[in-house]
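Letter 16 of the sequence shown, counting from 1, is numbered 1259 in the numbering used here, and no numbers are missing.
Note that the Cβ used here is the ideal one computed from N, Cα and C, for glycine as well.
Heads up, the thing below is written out as structure tokens.
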Amino acid sequence: LPGGDKPKDVGEAARAGNSEQEIVSVAIKQLPTDIRERLEKLFEEGLLKEGDLDLRSITVFASLNEGLQARVMNHMEGERIYVANARSKSGFLIATCDKAKTGCLDARGLGAIDPWRTALVAMATPAQKLMDLKTERDWLDQKGELAMKVNVDVSVVEKDVGMPTLTVELPLTETCAAVKAKLVALGIKSIPGNRMKLHADTVGFLKERFSLAFYNLADGVTLTLSERKRAGTKFRADHTVMPRRPKTQTSMA
């Protein structure tokens, strides 16, 4: 620059044709005083040398707010051995800035992605039991089409009938719709027939389009009655609104 004046900002240094390291030095001097002094101390101690940090890494670091910059410096000061052995100091700084943005450098890891969560959830989730059902025709040939007893747990509407379990008789060729009709005829009024759901432990909820033989149900099977709830829209996600990111740091005064 004319008169030997040093550039005051990065743009001025770039326009003046200064080298990248001179531009980096100007960018470092524009950091907040406390952050700049801590970074310069790493250079004085020999942990960082001239040329270790390129302009991109300093630009990414400078784009953070002061609170995140302090966390990045805490990490670099506390993990000196990793900084010293890093193949690329610039890459290490950029990676640390990315960790700060996601909350990985927080005291309790707030906002951090737990790499073990998926594996632990999979381990804690019991494996789904699979069973091979016989065809409807084979099951009818084996069990016959005579009426069988079906026990229904009606504890959810016990006040209607005065007992927790009802027993109905019907052939295997009938569907669960016939079971529901019999329950209504026996005095269940709290749940209308069209909102009844019947669940078997072996096959889950029964569908009205399939017969009892289709589900391989046998004499004395126990079904559990529950009520079908209407799906609402109260908690439907609004995909037109950008989701809010969790706050991972406290605002600096």
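Top-ranked residue by Cα proximity to residue i, from the options
i	options	result
L1373	V1393, D1444, G1430 and K1272	D1444
S1398	R1452, E1470 and K1284	E1470
M1319	G1463, R1438, L1429 and R1281	R1281
L1466	L1291, K1472, R1473 and L1449	L1449
A1456	P1435, E1388, A1424 and R1473	E1388
G1430	K1402, G1447, A1329 and F1286	K1402
K1342	V1422, L1383, L1363 and A1313	A1313
V1464	K1472, R1473 and L1441	L1441
A1338	T1276, D1381, R1323 and V1303	V1303
S1300	T1378, G1334 and G1346	G1334
Beta-carbon proximity check, residue i vs residue j, cutoff 8 Å
i	j	result
L1274	A1305	yes
S1454	L1413	no
V1326	D1297	no
V1395	L1468	yes
I1271	M1316	no
L1426	M1406	no
Q1264	G1294	yes
T1418	E1451	yes
N1437	L1376	no
I1434	V1400	yes
L1363	C1340	no
V1393	V1422	yes
Reduced DSSP category for residue i - H, G, I as helix; E, B as strand; rest coil
i	result
A1370	coil
V1464	strand
S1306	coil
D1396	strand
V1411	strand
G1405	coil
E1263	helix
G1289	coil
G1247	Low confidence applies to G1247: its pLDDT is 46, below 50, so where it sits in the model is not reliable, and the reading given next is rough at best. Helix.
A1496	The pLDDT assigned to A1496 is 46, lower than 50, so where the model puts this residue is not dependable, and the model offers no usable value.
G1354	With a pLDDT of 48 at G1354, under the threshold of 50, the modelled position of this residue cannot be trusted; read the value that follows with caution. Residue state, collapsed to three classes: coil.
For residue i, the residue or residues it bridges with in DSSP
i	result
H1318	Answer is none; H1318 lacks a bridge partner.
T1418	S1454
E1470	M1439
F1448	H1442
Contact belief for residue i with residue j at Cβ below 8 Å, rounded distance in angstroms
i	j	result
L1311	K1344	7 Å
M1391	D1462	4 Å
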